[in-house]
Amino acid sequence: MTLNFDAAIASHVGLARSNNQDSGFSGAHLFFVADGMGGHAGGDVASATVTRFVADADATAKQFETAEDASEALRKHLLKANLKLAEKVEERPELSGLGTTFSGFFTVGNQLGVAHIGDSRLYLFRDGKLRQITSDHTFVQKLIDAGQITEDEARVHPRRSVLMRVLGDVDSRPLIDTEVLDAEAGDIYLLCSDGLCGYVDEKTITSELRRELGLQQTVDNLIDRTLEVGAPDNVTIALVRANAAPKPVAGELADTATLPVTKFVGSAARDGDDSALQTSTQRTRILSRRRRKVAPAPEAHFEPKVDEYLAELIAETKRRTWRRRAIWALGAMVAIALALSVIFVGYQWVQSRYYVGTDGVNVIIYQGIQADLGPISLNKEEENTSIPLGELGIYERIQVERTISANSLTEARDIVLRLSGGSE
383 MTLNFDAAIA SHVGLARSNN QDSGFSGAHL FFVADGMGGH AGGDVASATV
433 TRFVADADAT AKQFETAEDA SEALRKHLLK ANLKLAEKVE ERPELSGLGT
483 TFSGFFTVGN QLGVAHIGDS RLYLFRDGKL RQITSDHTFV QKLIDAGQIT
533 EDEARVHPRR SVLMRVLGDV DSRPLIDTEV LDAEAGDIYL LCSDGLCGYV
583 DEKTITSELR RELGLQQTVD NLIDRTLEVG APDNVTIALV RANAAPKPVA
633 GELADTATLP VTKFVGSAAR DGDDSALQTS TQRTRILSRR RRKVAPAPEA
683 HFEPKVDEYL AELIAETKRR TWRRRAIWAL GAMVAIALAL SVIFVGYQWV
733 QSRYYVGTDG VNVIIYQGIQ ADLGPISLNK EEENTSIPLG ELGIYERIQV
783 ERTISANSLT EARDIVLRLS GGSE
């Protein structure tokens, strides 16, 4: 039995941000979401650049013989998009540090060729149950996998937003997960940025999918759920359904919102065709309710002093002040001793460190660290490699300009050898 697929997609800016750094694409055979990072401009540029570049591959989908070929082609497209981001930073240095996640797939026959990097997610809804397919490339996911924290603890962890892998100007060949999924009639595949999964629990998502209201209505309802819980982040959601029956023809009843059309959303949307810029009546009501639910600040109150305790309190304050000064004096002496020890140990450590950098012309090996302590420089030139900076590749040049640390002179020389081997 041959399957065909229909889809719905939308993006919303959220409750707190002024711009949408998410992007998404729904095509004939290719579906994905991308969540940008790197500041107000950087996130927009990253997700839109990758989305526009990768979306062109939708036209080549019929050339794939297998889903394995499709997922590998998608991976290679993402690596090329990664180079595009590096070129953007080369042209506009103020975008340094930009990046984006990516989760998406090609449909090939009855299979999906998946590619994934970052913390956007792909879920499968089958037989009334929701299952996460992709694994987040985040610091907290590492802790979860190691059994250090729970899923609930991860939601409030202070480093929950730290990503371990993204597309961007930080790695010339980032590791991208690929896999092949077997699809069945009735499957619904949910692609989303963390604006959904970071704030709405899987039980609520499952409940909305079970209502079977149509793909576009379900996408809109899920976005509304993020607004109801006060999610401040951008949210982008795509639903892709596998169907056994042929697609509806003219004259038949159909959910026209889910017919296959090429659509961009978020920062990659064309001509302002972005559902993130549109606010429904329902969402307006939700925002109004959120404003009414804001908790008032605690009321001020007064506690009178008791006269008979005043003298004793003054005496006790003087005793505490004397004890505090004595402790401070002792602490100061201990601190000075520790500081001298730290300076001595630190100096020894600095002298054992090296890094590869540049004087603006050539690649240089420096002893020490790239820092100054007041007027005292903590580094000195150890070796001039005579390798011109301009002969290095884009990523190698960026790495050298940011400097590359080494634990020894031998290690620094090895780094220089690798750089010269990768130069253009």
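Take the sequence shown: its letter number 164 is residue 546 in the working numbering, and every next letter is one higher.
In this text, a Cβ means the ideal position worked out from N, Cα and C, and glycines have one as well.
Bear in mind the structure is a predicted one, so any value in this text is a computation, not a measurement.
Please classify residue i as buried or exposed, where buried requires at least 16 other C-beta atoms within 10 Å of its C-beta.
| i | result |
| --- | --- |
| residue 485 | buried |
| residue 796 | exposed |
| residue 717 | exposed |
| residue 709 | exposed |
| residue 657 | Low local confidence applies: a pLDDT of 41 at residue 657 is under 50, so the model's placement there is unreliable, and no value is given. |
| residue 729 | exposed |
| residue 648 | buried |
| residue 568 | exposed |
| residue 507 | buried |
| residue 413 | buried |
| residue 726 | exposed |
| residue 403 | buried |
| residue 591 | buried |
Between the beta-carbon of residue i and the beta-carbon of residue j, is there less than 8 Å?
| i | j | result |
| --- | --- | --- |
| residue 406 | residue 644 | no |
| residue 453 | residue 495 | yes |
| residue 773 | residue 747 | no |
| residue 609 | residue 397 | yes |
| residue 488 | residue 443 | yes |
| residue 771 | residue 743 | yes |
| residue 556 | residue 545 | no |
| residue 575 | residue 516 | no |
| residue 782 | residue 767 | no |
| residue 513 | residue 650 | no |
Against chain B, with Cβ distances strictly below 8 Å, would residue i count as a contact?
| i | result |
| --- | --- |
| residue 502 | Structure shown: chain B not included; a single protein chain is present. |
How many Å lie between residue i and residue j at the Cα?
| i | j | result |
| --- | --- | --- |
| residue 460 | residue 438 | 12 Å |
| residue 615 | residue 503 | 15 Å |
| residue 714 | residue 792 | 41 Å |
| residue 769 | residue 776 | 15 Å |
| residue 625 | residue 383 | 10 Å |
| residue 529 | residue 762 | 44 Å |
| residue 458 | residue 436 | 10 Å |
| residue 401 | residue 395 | 6 Å |
| residue 498 | residue 605 | 22 Å |
| residue 692 | residue 721 | Caution is warranted here: a pLDDT of 37 is assigned to residue 692, below 50, making its placement in the model unreliable, and the coordinate value is therefore given only provisionally. Each residue's Cα considered, the two are about 41 Å apart. |
| residue 620 | residue 757 | 56 Å |
| residue 468 | residue 416 | 17 Å |
| residue 446 | residue 493 | 12 Å |
Output needed for residue i: all residues of its chain with C-beta closer than 8 Å, excluding positions within five of it in sequence on either side, in chain order.
| i | result |
| --- | --- |
| residue 511 | 588 |
| residue 531 | 522, 525, 539 |
| residue 560 | 453, 454, 456, 457, 495, 496, 497, 498 |
Please list, in chain order, all residues of the same chain as residue i whose beta carbon is under 7 Å from its beta carbon, the five residues on each side excluded.
| i | result |
| --- | --- |
| residue 427 | 470, 477, 480 |
Measure from the alpha carbon of residue i to the alpha carbon of each residue in the options, then state which is nearest.
| i | options | result |
| --- | --- | --- |
| residue 607 | 583, 620, 623, 624 | 583 |
| residue 536 | 581, 748, 463, 711 | 581 |
| residue 799 | 738, 752, 483 | 738 |
| residue 779 | 790, 802, 759, 757 | 802 |
| residue 419 | 412, 413, 432 | 432 |
| residue 749 | 760, 498, 549 | 760 |
| residue 564 | 417, 450, 703 | 450 |
| residue 572 | 557, 441, 598 | 598 |
| residue 601 | 417, 463, 570 | 570 |
| residue 520 | 386, 547, 782, 596 | 547 |
| residue 613 | 594, 577, 542 | 577 |
| residue 562 | 474, 724, 455, 586 | 455 |
| residue 473 | 551, 404, 534 | 551 |
| residue 594 | 463, 509, 701 | 509 |
Can you find the residues in the same chain that come closer than 6 Å, C-beta to C-beta, to residue i, ignoring five residues on each side of it along the sequence?
| i | result |
| --- | --- |
| residue 424 | 477, 480 |
| residue 787 | 737 |
| residue 518 | 501 |
| residue 785 | 737, 739, 752 |
| residue 579 | 503 |
| residue 541 | 521 |
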